[in-house]
Every structure is written in C-alpha cells, then in structure tokens.
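Reading through the structure tokens given below for one structure.
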Amino acid sequence: MAAAARFPVAPLVIGALVLAAALPLVSSNYVIDVGLTVVTYAILALGLNIVVGYAGLLDLGYAAFFAIGAYTTALLETLLHLNFWETIPFSMLLAGVSGVIIGFPTLRLRSDYLAIVTLGFGEIVRIIATNLDITGGPNGLYGINPARLFGHDITSPKAVYELGIAFLVVVLVFVIRLGRSRLGRAWTSLREDESAAEAVGVPTLRVKMLAYVMGAVIGGLGGSLFAARFGAIDPTSFTYAQSVTILIIVVLGGRGSLPGVILGAIIVAGLPEALRFIHLWREFAFAIALILLMLVRPQGLWPARLRHIAAPSATAAHAVPEAEPSALVADEAGDVPAPHRGTLLEVRGISRIFGGLRAVSDVSFSVRQGEILSIIGPNGAGKTTVFNCLTGVLQPNEGSILWGGASLVGLAPHRVVALGLARTFQGIRLFDDMTVFENALVGMDHRYRVPLVTEMLALSGARREAGRHYAACRNWLEFVGLADQAGMRAGDLPYGDQRRLEIARALAGQPRLLLLDEPAAGMNPTEKQSLMGLIRRIRDLGTTVLLIEHDMLLVMGVSDRIIVMDRGGVIAEGRPAEIQANPRVIAAYLGTEEDDEDVGALGAVA
Amino acid sequence: MIKPILYAALPLMLAGGATAAFAADPIKIGVTAPLSGSYAAAGIDIVDGGKVAAAKINAAGGVLGRQIVLVPEDDGCDAQMGAQAAQKIADDGVVAVAGSYCSGAALPEVTALHRAGIAYVLDGATNPKLTELGLDTVFRTIGRDDEQGPFAANYIANYLHAKTAAVIDDNTTYSKGLADNTVEALKKDGVNVVYYDAITPGQMDYSAVLSHVASLHPDVIDYTGYFAEAGLIAKQAAALHIKAKMMGGDATNDPTLIKTAGPGAEGWTSTTAPLPQFLSGAKDYVTNYTKAYGKAPGPYSVYEYDAVAVIAQAIADAKSVDPAAITAALHKIKDFPGITGNITFNEKGDRATAVYITIDVKNGEFVAGQKLDADGKWVAVQ
Amino acid sequence: MSEFLQLLVAGLTTGSFYALIALGYTMVYGIVRLINFAHGDIFMVGAFLGWTVLSALAAMHMPWGIALLLAVLLAMALTGGIGVVIERFAYQPLLSAPRLSILITALGVSLALENGVLLIYGPGFETYPHLVSTAGFVIGGAQISYVQIGIIFCSLALMAALYLFVHRTFMGTAMRALAVDRDAARLMGIDVERVIQTTFFVGSALAAVAGVMEGLYYTEINFFMGFIVGLRAFTAAVLGGIGNIPGAMAGGLIIGLLEAFSAGYVSSRWTDVIVFAVLIGTLVIKPTGLFGERVVERM
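Residue numbers (the working numbering), protein chains in the order written: chain A, 1 to 606; chain B, 607 to 988; chain C, 989 to 1287.
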C-alpha cells in the first residue's frame, strides 16, 4: 500500500490552523483584516471546491450563494430582528434551495454550457438584489448587527477573525467528512466519467444536484459571516469577478485538494495586498503570475492526492459475516434459487433507430435464470445497441423489455443497475484517478442504506455498513484476482487487469444479471483462458451472464446458449453446436469482409 | 559603532505612533482612493489633488513646524479592499484621513477608521448614508446626493420650465441615490416624471432606451450616472433627433463627454459643485496642479485639496497630532476658506452650505451656466 | 410602429457587434474546446490598436479614407498576431492539461490584457475622431442612419466570408476536421498547430474589425469595454450553439434584439435578467443551443 509514502497532511493542516488562530497575538489589525479576508475566501473556496473539485462541475456564479447568505442574514436581522446565530440556518437553507434552483436546469447540460448558465444565474441574483427595494437597491443594507457571543459583541477585527477561524474549522471538518463519504466517492466518479458512473449505478442527476446544494450551503454560511463582519452589504461585493476569484482559488490551489484550496486563498487574497505598493501594476502582475503558475503547475499548486480508502486485509475481510462472494448473491437480490431455470429478462421486439438507420430491428429474446447467454455477430450488427437499450443508456423506439414482469423501458441507467443489471463496457470506462478499491466501491453505491447524516457523523450504523461494504469489495477484488492491486491507481493497471476490474465493479453491485461487452478484447490467450474460468465462476455464484464477444473459442466454450445478430436483427438462436452448424450464421460471417478473423474462428471451432 | 545607536532607537520605533516620534518627523495624513481597476483615473486625480495641497502647506513651513506627508492607499472601489486599506493606514500611524471615491468602499473605511478613532474627511463619496451613521469622526467636503437632487429638480422646474422629465440612472449607489432624490424633488416641484429606469453601464448602445424615452415626449432627459455613458447617451440622442433637453449630474462633468458625443454634446447641461476653473479661489490650484501633473485637475481633486487643507488647519488649531484632538478641532472649524468655498461642518459632518451651479456645453467646451442667488432666483454664474 | 422599427434597428446594430465577436468564441471553442474568456478583451485591444494607427496617420495628415482602411487592416493583423501569441504561449502548453486549468489561464490572459492596456493607455477613455456622419433617413417614423445599415451589412458580409472560408478552402476543411477529431486530423497529415493558430488569428482579426467599428460608431473606448460586450457575445455564441458559425450569427442578433426590445418594452434595468433567463430557458429545452448538434456518446 502507498500509505507509508503518504505525506503527513493532517498534522500540518492542524498545525497551520492553530498558528492561524494565534495570529492576533502577534499581528496588527491590518494583518488580521487581511487574514479575515483570506479566511472568508477559504470558506467560499472550500464550498466551491465541492462543485468544481469533488464533482468536476463548472460554476461561474458561485458568488450568488454568497450573496444569498449575506442578504438573508442582513434582512432577517434588520427586518425581523433575529440575531446573527438565528439567521445562519436560514442563510444556509435559502442558499441550499437556490442550489436546487440552479442545479435543476443545468443537470443535463454539458460542462461548458454550465459555465454560461451558472454565470447567468450569478448575474441574475446580483441584478435582482440591485433592482429590488427590499434589498436596498444599489445601496444595499446597512445596520447589520455583529455576532454576539456570551454577552459580547464580536466587533473588533481580532474577535471577528477568531469567529472566522471557527467557521473555517467547522467547514473544513464538514468538507473532509463529505469528501470521504459515499457521496464524495460518487462525486469523484462523476468527475472522472459521468456516463460510466451513471451506468454502474450512481444516480448522477441527484448526486450533481447535491454537489450544488452542499456547495451553496457553505457559500451561504460565508455570506452570513461577511454580513456580520462589515455590518453593511451591497451588490458590488457579489459580482461575476468575485465568482471568478473564488474559482481561481480552487483551480490555482488544486481542485479537490483541501490544503491546496487554503493555499490558493492565501495567495489570491494575500498577493494583491503584498503588491499594494505597485498600484496600477498590481492587477497586471497578478494576472501574469496567475498565467505562469497555471503553466508551471496545471494541476494546481498542491494537487489533490489519489482518493485513498485502505482496503481491509484478507483476513479482516473474510471475518465479516455475509460478505460476498462467499455468501450467495441471491440472498439480498431476490429469493429465486440459483439453479431455477425461469425467465429473468424478456426482450420483446425492440427496435432502435438512429436518424433513419435501424441499428436494432425487432429483436426478441429471453435470458433464463442462471445461464450464460452470448450475443455474437459481425461488427455493426447492433449488439452493443441492444446492451445500451437493456441498461437504460438508450431508449428503444419500439418494443418492451421485461425484468421479472416489470418494464425496464424509460428507466435511467442507475435505476436499472439498482434492479440488478450490471454491465461492463466495450471500451474500458474505469475511473482512472481513483484506486482499484474505490472503483469497485462505486459499483456498490446504490446499495447504501444508511442516511448521509449518519455517515457524516460516523455513527456506528454507518461504520458497520461501511465495514461490510469494504469487506465485500475486498472479496470481489480477490474473486477477480486483483486483491493485491487494491491500492493502485486504476488508470495504471495493465489492460487485462482493467477489464477484470470492470467486472469486479459490476459484481460489487450484486447484480442478478451481468452484461459483459467484449470482455476478451485485447487479451492474450492465457488471459482469455482465465477469463473463461472467471465467467463460469460468476455463473456458479448464481449470477446470470449475458455476453457480447467476438472470440469464438471463448463464446463456444463458455456459453449455454448463443444468439446471433446481423444487420440489427436476430438471425439464429440455439446451443453452441447448433449455431456452428447453422448455414445462415456462416453466410452472415462470410458475407462480411472485415470479420475474417471471426470467420476463421468460427470455422476452427466448427 | 552603529549598533548601539540602532538599539537605542529600537524602543522608540516599537512604541510607534505619533507621540513617540521625533518632532521633525513628518505628519502622516492617509488618502484612500481607488488606485487600480476601472476607477483608477479618478483615484489618481484625487491623490494628486491632495499632493498639491500638501506641497503648498509644506512650502509655507508645514504645520506645527512639521512637514505633511500623504499616505495613499488603494481601496480598489471594493468593500474588502477598502476595509483593509483603512486598517493599513490606521496601523501606519496616520493622524487623519482625507479621501474616498466609491461609496461602497467608503462605508467599511468609515467604520474601520471610527474604530481606530481617526477622523475621515470624505472628498468624493456623496452617498448621504455615510454621514448618517452617527459616527463623530466622519466629515465631508463634497455635497451630498440628496442636496444635488433638489437643485437639479429646481433647475428643471423653474429655469427650464419643463412639464415632463425622464430620469435615467445607472444602478450604482451614487447614481441611483441622485436619481431618487431628483425624482422626489421633481414631483414636489410639479414636474411629471414620465420615465424612470436604469441602464447598464458599459453596454455602449443606449438607443433602444432612448427610442422608448423619445416616444414618451419628455421635455427633459436627466441622466444621473457617469460621463462615459452620458457621452454615448448625448451622441445617440442626437442621432435619433431627440428634441428633449439633455442634462446630467456632477459625474457627467468631464471633457470626455464632449469628446465622445462631438456635436451631439452641444446644449448638454451638468449640475455640479463648482469646478476649479469656475472657482475664483482655485486659480492658483489649477495652475499648480497642471504644472505638477501635466493635465487639468479632475472634478474631485479640489475636494481632496480642501480635505487635506482643512485637516492641516485642524492640526494647527488643536496644536496636537493626537487623532482625537484633530477630530475635535474639525468639529470646531468655522468658515475655513477652502477653494470650494468656506467650510463649516454641521453636526453630521457635512458642509453646512453646499454650493451647486450648472454648466453648459457650448462650442465644444463646458462654460458656466446658472446658479441660485440668495433669494432663490436663477442667475447666470459670472 | 415607429418605436418598434427603431428598436429593431438598434437591436440589429448591437447584435451585429455581438455576432462578430461571438464568431471568435465559437471558432476557438469548436476547435480546441476552450472558452476563450480573453476574447472580449481581444476585441478591446483591436479597438485600441485601430485608434493608435488612426491617430498616428491623422497626425501625418493622411486622407481619412486611406487612414481608415490602413487602420482596419493593421488592427486586424496586429490583433490577429496577438491572438496567435496568446495561443502559443498561454494556451498551447495546456491543451492536454485539465480543462479548468486552461480556463483559468484564459481568465488570467483577460486580466492581463485589460491591465496591460490600462498601463499603456491609462485608465481613462480615448475617443475616436468623429468620422462617420449621423446622417440617415426616416422610415415609418424611425430614424435610421446609414452607418447602422453599414454596420449590419459589414458584419453579415464578414460572416458570409468566414462561412465560405470554413467550407470552401483547404484550411477551412482542416479546421472542420480538427473540430471533429484532433488526433485523427493529425494522423491525416494536417498541421494541427498551424490550423489552431489560424483559427486564433482569424477569430482575433474579426474581433479587431468589430473593435474598430465600435470605436468609429460609439467613439469612446476604454480598457474595460471588452467585458460586457464580451459577456454578451459569449452568451450569444452559447445561445446559438457554441462551435457553430451560423449559430453565433443568429445568437448575436437574437441577443441584440432581446436587449433592445426588453429595454423598450419591459425595463432596461431588467435587460440582463431577461437575456440570461431566455438563455437558460433555451438550454433547458435544447441543451446544445439553437443550432448545436446533439452529441451522442458511445458506450
């Protein structure tokens, strides 16, 4: 494990915070004031980091949440005479709700479109604050009371600074817990590969929304602090330039890296102060410094480390009761015993049309419980399109897909995964910048039952569930033969291992049906041999397997039944021996020039 | 043998502040203004105006036998930067501060300097709220928006004899405040305000707004924002053949307006506190400023000049550089002959008598227009 | 009716500027998938360079017609060159880095250009000479100047020329190939770096034309002028479907008209809210903009 090589960040951060808290003992009010600005920016940047760093979404309007928090505190204090502490929950709530409002229309947009939509949202909030009378128009709001604690007003720069440090510590603990939670893991998977995350069971829309909400809540808190610090707010503090500054802090410091974000805040808020003496040259120097720093360190000054949750040891994992795969998969997933030969999935007459081309045309077949069923056919026959229809990535234009009698058509991919269909991808879609172990854990996302709050507070229920899941994941990695690589970066694995990790990730979701899309592609004969064994072992656990594969040796050797597709339709179905003898199948293969290899393979087996 | 001397001086240096300083040390007066960003031009002009005042005072022997030195600090026209700038000069040991341009930055500065017990004479921030906070350390050499509004309305109603007016602001604190006060006064004066809305500064094209305003046929169009947009508005109104009388507030008083609008600027009127060139007492100032900086002084620099001068007078009156004594002396200032007129502060810290005039664009330059005489009648400025 | 017509012309005039600048956003995005946040400032630099050349030539008593032509051409060449230099030194090293890094660099370039111009020309305003007359004609009660018509036609002509360049020349074909798949284009022997630089050159040169036109029409220029116009142009590019040239044209004109009609019929203080609300609404219904193509991802 790489744990030994880890840099001791935690004690460093704690030490830095203690030093920061002790700053007023030695510094002038001016330094304290700059320190408070750094703290304010650090809080905001930690919030934006959830959206940008953890979840990989773009937000150019983050100052809107800052504004909403500040205005909420200001309005509640001046109109309803609440005290500072009473306004905070409302600030956070209102900011959170606006997180939903901004999140909702943007969820389905690609990241570059997010840039302008979030920017627009930020501007809309600022203009509304400027135009309305209740928010004081361009004058803003005055006479906001300072925070009171133990009967004392927190007004002196030093006192407000300490309050800011306290807020920063709370936010820091919150984002650390959040980053380590399953939500944090889901965000990272989203950042790495959104469609893959959705396809292995992460409810990406909800997870994205939560990123905006969590980021917004922290922005709101920062706004309340800002209002109490100055006692007056006006719309010019919440401009697009402010949003950009916060974004610069996150990216310059290192997306997803908490020490990086704090370092970024120190630089972005501190550097202009240090450069005061050059007046007009100041912003120019800052701009040039920014460009140079990004060129030298594109990942940020203090890049995020690999997400690192240590996998439990083999003995520890085996000791956890009910940890798969030793227990029967069907235990949790359903009550149908493995050898039962009932129909698991029924496909009736599905078609999928791409702009006039019928990629899949009137395809029907059924998958029986406990079998290994293969779909073969020349390139372009429509095999992967069928997979995409089954897993919710594409919706069929016609036909129905029944899973235990209920229709799968119209369900989002993560819903399909939750029902028990997991898949791998033709082109490998791993989360490269996560560990092997964490990749597998993402496959379990939909199986978490404990509420997020319980997890954030590290209550025993959450710890037990996490322990169970870690053990299960460890065992699934062992099952595919990757236990020793658990701590490695997934992107660094050799090709064959990446394929096996995809299978482990799918299995971790405890599927009743596993869909493998060309798992042997790019493997050498030895690897193919062991893959065959793996597929059989998966079936022996009670998981039904649906396989797309070009390698005829593998298909013929492992399949119970085979479906042959050509030009979007099913042309044959039967046991391997029947397929090999089928003249239509042979014709289909001979008729396509680019699949010489397959024809050869077919012939060889025949 | 240098070291012992250094050691001897160290306790004095650590003690800091004005009290421990040598008598020959210069007296520090802070200047807060935007020295970077969009408003840097105005900020630099303010600092330069202050420097002219300091140079004149120093040439005459300084105050209490000591020289005056200005400590300019950039507030970036931003609340956070403003708070830090104020704190920085307070820590620097300034005895008083003369400055400000943006009201948004001035507000945290006012609070921070009040906490430090340092007097702050505002030269450019015209938002009424700044002297309404009940802080006894705030003074202002420039007039307030709520004094200029009624003046502009009076001009529209009683000099132009307009029946209808359109008022446009740019949604900044200053501009909205002035527009609000103007509209309120116009209604009192019986002028029908047919249009009151804000434009977005920096948008360049205001012909859509002007087309709409034109369809309402106002006698007067009053723009309370800054000169850059005012120039565009004058130009575009001319291109649309709008017949209404065009005018603006004191922030439109800048030659750029004429350069931008060209012939379209003819007939434009700005209400303003008297410009240096229209102030009989400011002739020397204009000469000195132009000689030192190679450009004509901008509209706010005279107020900074007077702010520095009045602080110097207060130091002389107090016979002390103690900030509290200076504040007390500022409250007692009576009829100090500033170049913008005689200065007396009322209990809020504002000028007891704010003076405004109108200036008109004629043949490509601003010329003196009208003023109110002692009886409230409109007379030409001599 | 006269007000409607007046607003229409005003909207089309400003829309033409937005469209010309939007082309630069859209071309660069189409080819390197970068939102070039510095593009609004490139436009500003173009306006200043044009002003400098024009002032210098005026001082040499050159006839206005020739001076103007030279100013436009020199501003285009110099601004285009600056665009290429920015690409070479600030963007190119980061083309394979995380997308956000290059975005931040673009913001840095934007800030550097603004403050660079501020340092050279000062924070105040410069004014173009009053060369274009405000003369015009009246139609349906609306006052329309010849310059407005000129601006609209000039922009349309430039856009048409760009469209032909992209669709009829070898370089244009190479650009479109790059937009689809940069690696494949490289394998086909296309000098990818040169194509990217050409894109930056053309986009920046078009922004320079817009800058000089803006200077001539509105007369005053300032280091900060690229911000709002750039923002609106970027909005236009996204509304039309970023990466799509006719989309940028349509988007620019739509934003211009929206701005004019909301100022005329609703309230100018809410213009930006209306513009952004329309943009967000459009993207909710059509996530890739009006003319953008749906991207189907392969699994």
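For glycine and all other residues, C-beta sits at the position ideal for the given N, C-alpha and C. Values in this document were obtained by computation on a predicted structure and should not be read as measured data.
Query	Result
Please identify the residue among A:Ser-559, A:Thr-106 and A:Phe-277 whose C-alpha is closest to the C-alpha of Lys-694 of chain B.	A:Phe-277
Report yes or no: is there a C-beta of chain A within less than 8 Å of the C-beta of Ala-689 of chain B?	yes
Of all Cβ atoms in chain A, is any one closer than 8 Å to the Cβ of Asp-654 of chain B?	no
If Phe-365 of chain A sits next to Phe-238 of chain A, beta carbons under 8 Å apart, how far is it from one beta carbon to the other, in whole angstroms?	At roughly 58 Å, the Cβ-Cβ gap does not stay under 8 Å, so Phe-365 of chain A and Phe-238 of chain A are not in contact.
If contacts are defined as beta-carbon pairs under 8 Å, then Ala-1085 of chain C and Val-1097 of chain C qualify, I think. What distance do you get, rounded to the angstrom?	The Cβ separation is near 15 Å, so there is no contact.
Just to confirm the assignment, what range does the alpha helix (DSSP H) spanning Ala-693 of chain B have?	In the sequence under discussion, the amino acid at residue 693 of chain B is Gln, which differs from the Ala named in the question. Residues 685-697.
If you check the beta carbons only, do Leu-617 of chain A and His-469 of chain A fall under 8 Å apart?	As displayed, chain A neither begins before 1 nor continues past 606, which places residue 617 of chain A out of reach and without an answer.
Do you know offhand how far Thr-830 of chain B's Cα is from Leu-1056 of chain C's?	35 Å
For Thr-866 of chain B, which residues in the same chain have their Cβ closer than 7 Å to its Cβ, ignoring the five residues on either side in sequence?	Gly-837, Leu-838 and Lys-841
Can you tell me which of B:Glu-753, B:Ala-647 and B:Met-687 puts its alpha carbon nearest to the alpha carbon of Leu-271 of chain A?	B:Met-687
Please go through the region 403-463 of chain A and give each complete beta strand (DSSP E) segment of 3 or more residues, from N-terminal end onward.	421-423
Since Trp-1039 of chain C is in the beta strand (DSSP E), which residue starts that stretch and which ends it?	Trp-1039 of chain C -> not in any beta strand (DSSP E); alpha helix (DSSP H) instead, spanning 1027-1047.
Should Gly-461 of chain A go down as buried or exposed, given a rule of 16 or more other Cβ atoms within 10 Å for buried?	exposed
Counting only Cβ pairs nearer than 9 Å, list the residues of chain B close to Val-34 of chain A.	Gln-690, Gln-693 and Lys-694
List in chain order: all unbroken alpha helix (DSSP H) runs of 4+ residues lying wholly within the region 764-839 of chain B.	779-794 and 813-821
Report buried or exposed for Val-997 of chain C, applying the criterion of at least 16 other Cβ atoms within 10 angstroms of its Cβ.	buried
For Gly-487 of chain A, tell me which candidate among A:Tyr-495, A:Gly-496 and A:Leu-501 has the shortest Cα-Cα distance.	A:Leu-501
Anyone know if the C-beta pair for Thr-732 of chain B and Thr-875 of chain B falls short of 8 Å?	no
Pro-105 of chain A to Val-409 of chain A, Cα distance in whole Å?	24 Å
Are the CB atoms of Arg-489 of chain A and Asp-433 of chain A within a distance shorter than 8 Å?	yes
Does DSSP put Ile-108 of chain A in a helix, a strand or coil?	In the sequence on display, residue 108 of chain A carries Arg and not Ile. It is coil, neither helix nor strand.
Check whether the Cβ of Gly-1239 of chain C lies closer than 8 Å to any Cβ atom in chain A.	no
Between the region 711-729 of chain B and the region 906-924 of chain B, do at least 3 Cβ pairs fall closer than 8 Å?	yes
Give the list of continuous alpha helix (DSSP H) stretches no shorter than 4 residues that lie fully inside the region 697-723 of chain B.	709-721
Is the region 44-59 of chain A touching the region 246-254 of chain A, taking contact as three or more C-beta pairs under 8 Å?	yes
For Asp-681 of chain B, which residues from the same chain have a beta carbon less than 7 Å from its beta carbon, with the 5 sequence-adjacent residues on both sides left out?	Thr-638, Ala-639, Pro-640, Met-687, Gly-688, Ala-691, Ala-711 and Glu-715
For Ala-129 of chain A and Val-669 of chain B, what's the separation of their Cα atoms in angstroms?	47 Å
Would you kindly work out how many angstroms separate the C-alpha atoms of Gln-426 of chain A and Asp-517 of chain A, rounded to a whole number?	5 Å
Identify the contact partners of Leu-1106 of chain C in chain A, using a Cβ-Cβ distance below 9 Å as the criterion.	Leu-280, Glu-283 and Phe-284
When you compare the CB positions of Ala-1162 of chain C and Gly-1068 of chain C, do they come within less than 8 Å of one another, or not?	no
Using the Cα positions of Leu-1296 of chain C and Ala-1173 of chain C, report the straight-line distance between them to the nearest angstrom.	There is simply no residue 1296 of chain C to check, as chain C begins at 989 and stops at 1287 in what is shown.
From the DSSP output, which residues share a beta bridge with Pro-678 of chain B?	B:Val-637
Answer with yes or no whether the minimum CB distance from Ile-1009 of chain C to chain A is below 8 Å.	no
Just mark Asn-439 of chain A as buried or exposed, buried being the case when its beta carbon has 16 or more other beta carbons within 10 Å.	buried
Just to confirm, is the Cβ distance from Thr-747 of chain B to Ala-913 of chain B under 8 Å?	yes
Closest to Phe-972 of chain B by C-alpha separation, out of B:Lys-889, B:Gly-649, B:Asp-860 and B:Ala-820, would be which residue?	B:Asp-860
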